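Residue numbers (full-length UniProt numbering): 1 to 294. Don't be surprised by glycine CBs; every beta carbon is placed ideally from N, CA and C. Quick caveat: nothing in here was measured; it's all calculated off a predicted structure.
The structure is reproduced here in structure tokens:
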């Protein structure tokens with residue numbers, strides 16, 4: 001189907017289903033829906049050759065044990081994805097097929113020595129994903145900050161501004177989502193953050209739910225950090241009695257610029273089931289080493 005062009009795949013380690021991006025791929029006049037199930041196979045290759053990297057096979061998916069990745073710089077939503085395919089569904093509960101997540105397939109079929117992966121992104125749009133091990137070239141395991149998870153990918157934390165913790169931003173739920181580009185909180189929490197940082201908020205109306213988008217003068221800057229684990233949460237203190245703060249890169253706080261006006265990577269959307277939820281995406285991940293020991 002894509003014999004002449006390389007295919008970009010957006011992989012979320014907690015995703016399950018594989019979905020064709022119909023925004024980029026259109027059926028032609030003779031296409032017929034055969035309504036048959038099929039296996040999908042892909043392989044990693046360099047830009048110049050078809051030589052394969054060392055790989056592990058998961059069902060019909062050969063996956064390199066360690067491979068480079070590109071961080072998304074796009075502001076597009078799931079209805080207009082920048083890639084041709086993407087894994088969707090955050091766990092079986094959000095999967096169309098009630099499938100096991102991408103990463104847990106490795107664990108369930110004993111294809112990795114440890115059910116563990118690490119993600120490291122730089123500020124230049126590239127990074128790496130390593131399965132089953134700590135990358136000792138990048139970090140010493142004893143230097144890692146340990147946090148307890150509420151559910152997979154989610155933990156308690158505080159959002160600090162210029163070193164201060166505010167009541168509206170403390171002891172909140174932070175869900176780390178490698179497939180998201182920005183940072184999304186509830187309407188009330190994001191509004192509070194915007195007010196504290198002089199970010200102008202604009203309410204966007206939508207059939208699927210209203211959202212706040214923030215704009216600020218590009219020359220202004222505030223230090224926004226995540227404090228992990230939460231300093232006030234009793235459950236978190238079982239993992240660590242001392243919180244560590246992790247800053248968001250100034251360059252990552254903007255997802256677009258027009259003149260002197262920058263669009264904030266932080267926005268809002270209300271999740272009724274989890275009113276305290278913040279979804280933390282790649283804007284936070286830059287220059288961080290995230291180790292997921294599941």
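Roughly how many angstroms separate the alpha carbons of residue i and residue j, rounded to a whole number?
i: residue 173; j: residue 259; result: 35 Å
i: residue 107; j: residue 291; result: 16 Å
i: residue 130; j: residue 29; result: 42 Å
i: residue 192; j: residue 26; result: 43 Å
i: residue 214; j: residue 34; result: 45 Å
i: residue 87; j: residue 102; result: Any answer about residue 87 is weak, because its pLDDT of 33 lies below 50 and its placement is not dependable; what the coordinates show is given next. About 8 Å.
i: residue 221; j: residue 24; result: 37 Å
i: residue 224; j: residue 211; result: 21 Å
i: residue 123; j: residue 283; result: 9 Å
i: residue 261; j: residue 275; result: 30 Å
i: residue 217; j: residue 255; result: 13 Å
Could you tell me the boundaries of the beta strand (DSSP E) in which residue i lies?
i: residue 102; result: Note, residue 102: premise wrong, no beta strand (DSSP E); alpha helix (DSSP H) at 102 to 108.
i: residue 194; result: From DSSP, residue 194 is part of no beta strand (DSSP E) but of the alpha helix (DSSP H) over 187 to 196.
i: residue 128; result: 126 to 131
i: residue 160; result: 154 to 161
i: residue 279; result: 277 to 280
Classify residue i as buried or exposed, calling it buried when 16 or more other Cβ atoms lie within 10 Å of its own Cβ.
i: residue 171; result: buried
i: residue 189; result: buried
i: residue 265; result: buried
i: residue 229; result: buried
i: residue 207; result: exposed
i: residue 151; result: exposed
i: residue 138; result: exposed
i: residue 257; result: exposed
i: residue 263; result: buried
i: residue 195; result: exposed
i: residue 142; result: exposed
i: residue 185; result: buried
i: residue 202; result: exposed
i: residue 272; result: exposed
i: residue 158; result: buried
Going by DSSP, which residues form a beta bridge with residue i?
i: residue 297; result: Nothing in the structure corresponds to residue 297, since the chain is present only between 1 and 294.
i: residue 262; result: 216 and 257
i: residue 269; result: 211
i: residue 164; result: 161
i: residue 292; result: 117
i: residue 183; result: 266 and 280
For residue i, name the three-state secondary structure that DSSP assigns.
i: residue 287; result: coil
i: residue 211; result: strand
i: residue 24; result: coil
i: residue 200; result: strand
i: residue 175; result: strand
i: residue 252; result: helix
i: residue 65; result: With a pLDDT of 44 at residue 65, under the threshold of 50, the modelled position of this residue cannot be trusted; read the value that follows with caution. Residue 65: coil per DSSP, three-state reduction.
i: residue 121; result: strand
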